[in-house]
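Participant:
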Amino acid sequence: MIGMVVRVGLLRMWHGRVALLLDFAVPIAFFTIFAFIFGGQVGLGKSPRVNVALVDEDGTDLSRKLLDALAGQDTLRVYAPEGGKGGPVTFTAVGPARELVLQGGLPLAVVVPRGWAASFRGTGTDASDIQILADSSDPVATQVLSALIRQVAGQIRAELARQQIEAMLGPSAAPFNASAAARFTRPVGIEVVEILAAGKASPVVSMYAAGIAVMFLLFGAVGGAGSLLEEEESQTLERLMCSSLGMTRLLAGKWLLLTIVGVAQVTVMFAWAQAVFGVDLLGHLPGFAVMTVVTAGAASSLALALAAACRTRAQLNAVAIVLILTMSALGGSMVPRYVMSGTMREVGRLTFNAWALDGYTKVFWRGLPLRALLPEVAVLVAAAVVLLLLARLLARRWESV
Amino acid sequence: MSESAITDKDPALRVRDVAKRFGSVVALDRASLELRRGERLALLGPNGAGKTTLVRCICGRVAPDAGEIEMLGERLPPAGGRQRLGFVPQEIALYPDLTARENLEAFGRFHGLRGPELRQAVEWALGWTGLSSRARELTKTFSGGMKRRVNIACGVLHRPLVLLLDEPTVGVDPQSRERIFAMLDELRRHGTSILLTTHQLDEAEQRCDRIVIIDHGRVIVAGTLSELIEATVGPKRRVTLRLAAPGPRPEGFRAGAGPLELVAEVGDVALELPVLLERAREAGGEVSDVDVRAPSLQAVFIHLTGRELRE
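Protein chains in written order, with the numbering used here: chain A, 455 to 855; chain B, 11 to 321.
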């Protein structure tokens, strides 16, 4: 009899082959996605490169030498305007680089301040440290860059020390190579300037709150939209279609309901984040409201399109799990997009998780004005409209045949 | 549809030569029927005969390939324009996690009622179904019969002139069936014409004014029960005699189902039955039991559609 229990279970799995396939395919799909996110390419062990802007306010041979050496590091990718067509640039003033970091174009900028070379050589009057302008949403990148600057500057200083020793001692200075000379030098001064996080409590939490909220917004919307399939199964939809309601009004009502519930869901999530983790919701209400409404609207449209495309609730659940988890992984709901390679970041922009999270980041992290949300709002509104129209088109199968 | 356009001469519903094909399957093959004013009409047919497709055509849920459907003298469009039509599906098409009142309010609104009109309709429906005291309970907690009553009520809140019911009493106990037909009687008294599909032949026989039988997508017969009997199996009663012991077969009888059974058909029971009994006695047979049966709808149905399973 135990054998028959197993046999019945296997037979039922076999009769639901799509679900069975998903049981095997979903883990492989997610392994592959995460391998791409964290590995660059599977098996090659490549680390993502840190994007950085270089600023040479000092304009000396020594500062150029330092920045050239940094640009030569495999771990760093120096900012190049117009998508890299013009090649990497070194700014001569801090303003543009600071703006890039503020707008989210780059996480970091290295600033060699005026007078740094003199200070570095010990001939200047004031101590002048290298500055890192940091968007501390990516704390690992800041640490990596600091270590690289110390290493490169240390090598330069050691070389200078060796040259000084050689100048003083002549041929007898031979035992003092750069490495030995480095032992006589002091560490390079680096000042990390958090240009976004100043005065903010738990700023990274807002990003995670948004990421999780958007992912569960999608799950919630799909769950709600599945009521269409339940109504079809119970013939309630048949009855509704025989009434004065009509499919367009039915879908409009469902969309409105899902959007209202979605907005409430995200608001409660952020209210909790404010109460417990100090995320400043009340201080960013207009931006939050705009992003939440458009994101919930787009999620509702996607959910309705999926429900209209699927034949059964089980099919909808299976498709939704694959799609939502994939979108969440690529779009930054599970892991921040800044740890992904450039290619994966671009792929992520095909998901509306990425656009939603970029919008929330602009609101909570960068504190940008409402007009800065225009690209995200435009994309999400367009997605909401297109997907809702698609849902309406697909729902024709429930109308007169 | 304008009130002035309606005349008493027009039937409540007229279906003319409606055809519908799904791929290679012919669901309706020039089906025609008429539902008269204030009438209760039973639509019978084996599974797959085309009943549901015909009802869905009338509801506007299936667009016919050919033919036309008129309600109260006006031709209906393929979809929409059916505000005076009510439909009650076979399944319990309610929201199980809403109360009876909430369900009624929702479907009343979907049928275009609002404000005081909606409130009055809901109160009427709760009284009509006998569920006023259970109005605040979730329908998922109701018995099968109670759910059926709410299911029907949700289809008539807007007081339709024509009501279509797809197997309204399937799966309910006799008491609930009685209640449901009492409800339908009340509707009919107020002028609603009713078309119902059913597999319960006794319901069609006893509770409906006329009967339509559909098979292979065509309406094969329509009329009162006596008209159908006259047109098919004939009006004669079937007399079955059971003998105490095997004996010779008297004149006028044929062999029955068992070795002790004799069968004959009679037109006038009072005149012909004594003669048959006398013949059996004269032939030396001892009659232990006599069964006289009038021709039934079951006999008509089997006569017209055969005994072959359809699915």
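For each residue, glycine too, the CB sits at the ideal point set by N, CA and C.
(1) Which residues in chain B have a C-beta closer than 8 Å to the C-beta of Leu705/A? List them in chain order.
(2) By DSSP, does Phe97/B sit in helix, in strand, or in coil?
(3) Can you give me, in chain order, the residues of the stretch 679-700 of chain A that have a beta carbon less than 7 Å from any beta carbon in chain B?
(4) Is the Cβ-Cβ distance between Val472/A and Leu599/A less than 8 Å?
(5) Looking at the secondary structure, which residues open and close the alpha helix (DSSP H) in which Glu127/B lies?
(6) For Ala73/B, which residues in chain C fall below 9 Å Cβ to Cβ?
(7) Can you give me the C-alpha to C-alpha distance between Leu694/A and Pro305/B, rounded to a whole angstrom?
(8) Got a sec: which bits of the stretch 45-59 of chain B sit with their beta carbon under 8 Å from any beta carbon on chain A, in order along the chain?
(9) Can you say whether Asp299/B is buried or exposed, counting buried as having 16 or more other CB atoms within 10 angstroms of its CB?
(10) Have a look at Ile162/B and Ser688/A and give me their C-alpha separation to the nearest angstrom.
(11) Leu197/B touches chain A at which residues, Cβ-Cβ below 7 Å?
(12) In chain order, which continuous runs of the beta strand (DSSP E) of length 3 or greater are located wholly inside the stretch 733-770 of chain A?
(13) For Arg103/B, return the contacting residues in chain A, with the cut-off set at a CB-CB distance below 7 Å.
(14) What is the residue span of the alpha helix (DSSP H) that Val855/A lies within?
(15) List, in chain order, every chain A residue whose beta-carbon is nearer than 7 Å to that of Pro99/B.
(16) How far does the beta strand (DSSP E) with Leu650/A in it reach, from first residue to last?
(17) Is DSSP giving Lys30/B helix, strand or coil here?
(18) Could you check what DSSP says for Arg159/B in three-state terms: helix, strand or coil?
(19) Which residue's Cα is closest to the Cα of Ala762/A: Leu784/A, Trp709/A and Asp812/A?
(20) Check whether the Cβ atoms of His121/B and Leu167/B lie closer than 8 Å to each other.
(21) I need the boundaries of the beta strand (DSSP E) containing Val566/A, first residue and last residue.
(22) Going by the beta-carbon positions, is the gap between Leu175/B and Val98/B smaller than 8 Å?
(23) Specify, as a first and last residue, the run of the beta strand (DSSP E) that Ala507/A falls within.
(24) Find the residues of chain A that neighbour His121/B, judging by a C-beta separation of less than 7 Å, and give them in chain order.
(25) Report the start-end ranges of each alpha helix (DSSP H) in the stretch 659-745 of chain A that is 4 residues or longer and not cut off at the edges.
(26) Determine the DSSP secondary structure at Thr315/B, reduced to helix, strand or coil.
(27) So is Gln93/B in contact with chain A if we call contact Cβ pairs under 8 Å?
(28) Does Met455/A come within less than 8 Å of chain B when only Cβ atoms are used?
(29) Please work out which residues of its chain come closer than 7 Å, Cβ to Cβ, to Trp570/A, disregarding the five sequence neighbours upstream and downstream, and give them in chain order.
(30) Starting from the beta carbon of Pro88/B, find every residue of chain A whose beta carbon is closer than 8 Å, and list them in chain order.
(31) For Phe545/A, name the three-state secondary structure that DSSP assigns.
(32) Taking the straight line between their C-alpha atoms, what separation do you get for Arg24/B and Leu173/B?
(33) Please tell me whether Gly70/B has its Cβ less than 8 Å away from any Cβ of chain A.
(34) What does a CB cutoff of less than 6 Å around Arg767/A pick up in its chain, not counting 5 residues either side in sequence?
(35) How many whole angstroms separate the CB atoms of Ile239/B and Val302/B, which I take to be in contact at a CB cut-off of 8 Å?
(36) Under 8 Å between beta-carbons, which chain A residues line up against Phe152/B? List them in chain order, please.
Facilitator: In this structure, then:
(1) When 8 Å is used as the limit between beta carbons, Leu705/A is near no residue of chain B, the shortest such separation being about 14 Å.
(2) Phe97/B: strand per DSSP, three-state reduction.
(3) Along the stretch 679-700 of chain A, going in chain order, the ones with a CB nearer than 7 Å to a CB of chain B are Ser688, Gln689, Thr690, Glu692, Arg693, Leu694, Met695, Cys696, Ser697, Ser698 and Leu699.
(4) The Cβ atoms of Val472/A and Leu599/A lie no closer than 8 Å to each other.
(5) It spans Gly125 to Thr139 - the alpha helix (DSSP H) in which Glu127/B sits, taken as one unbroken run.
(6) Chain labels in this structure do not include chain C; the protein chains are A and B.
(7) So the two alpha carbons sit approximately 42 Å from each other.
(8) Of all residues in the stretch 45-59 of chain B, none has a C-beta nearer than 8 Å to a C-beta of chain A.
(9) Exposure of Asp299/B is indicated by the presence of fewer than 16 other C-beta atoms within 10 angstroms of its C-beta.
(10) Cα-Cα distance, rounded: 15 Å.
(11) Here the premise fails: no neighbours, minimum Cβ distance about 17 Å.
(12) For the stretch 733-770 of chain A, not a single whole beta strand (DSSP E) run of length 3 or above is found.
(13) Contrary to the premise, residue 103/B reads as Ala rather than Arg in this sequence. Those within 7 Å of Ala103/B in chain A are Ser688, Gln689, Thr690, Glu692 and Arg693.
(14) For Val855/A, there is no enclosing alpha helix (DSSP H), as DSSP marks it with neither H nor E.
(15) Neighbours of Pro99/B on chain A, chain order: Gln689, Glu692 and Arg693.
(16) For Leu650/A, no beta strand (DSSP E) encloses it, and the DSSP letter there is neither H nor E.
(17) Lys30/B sits in a strand when the DSSP states are folded into three classes.
(18) The answer is helix: DSSP assigns Arg159/B an H, G or I state.
(19) Here the closest residue by C-alpha is Trp709/A.
(20) In contact: His121/B and Leu167/B (Cβ atoms closer than 8 Å).
(21) Counting along the chain, Val566/A sits inside the beta strand (DSSP E) bounded by residues Leu562 to Val566.
(22) It is a contact, given that the beta carbons lie within the stated cut-off.
(23) For Ala507/A, the enclosing beta strand (DSSP E) starts and ends at Val504 to Asp510.
(24) Neighbours of His121/B across chain A, judged by C-beta separation under 7 Å: Ser697 and Ser698.
(25) Here the runs fully enclosed are 681-687, 690-695 and 701-731.
(26) Per DSSP, reduced to three states, the secondary structure at Thr315/B is helical.
(27) Taking Cβ atoms only, chain A reaches closer than 8 Å to Gln93/B, which makes this a yes.
(28) Output row for Met455/A: interface = no.
(29) For Trp570/A, where only same-chain residues beyond five positions count, the Cβ hits under 7 Å are Asp512, Ser517, Ser582 and Ile584.
(30) Pro88/B reaches chain A at Ser854, counting residues in chain order whose Cβ is nearer than 8 Å.
(31) Residue state, collapsed to three classes: strand.
(32) Straight-line Cα distance between these residues: approximately 13 Å.
(33) Yes, Gly70/B lies at the interface with chain A (some Cβ there is under 8 Å from its Cβ).
(34) So the qualifying residues of the chain are Gly680 and Leu683.
(35) Wrong, their Cβ atoms sit about 15 Å apart, outside the cutoff.
(36) Correct list: empty, because the minimum Cβ distance to chain A is about 15 Å.
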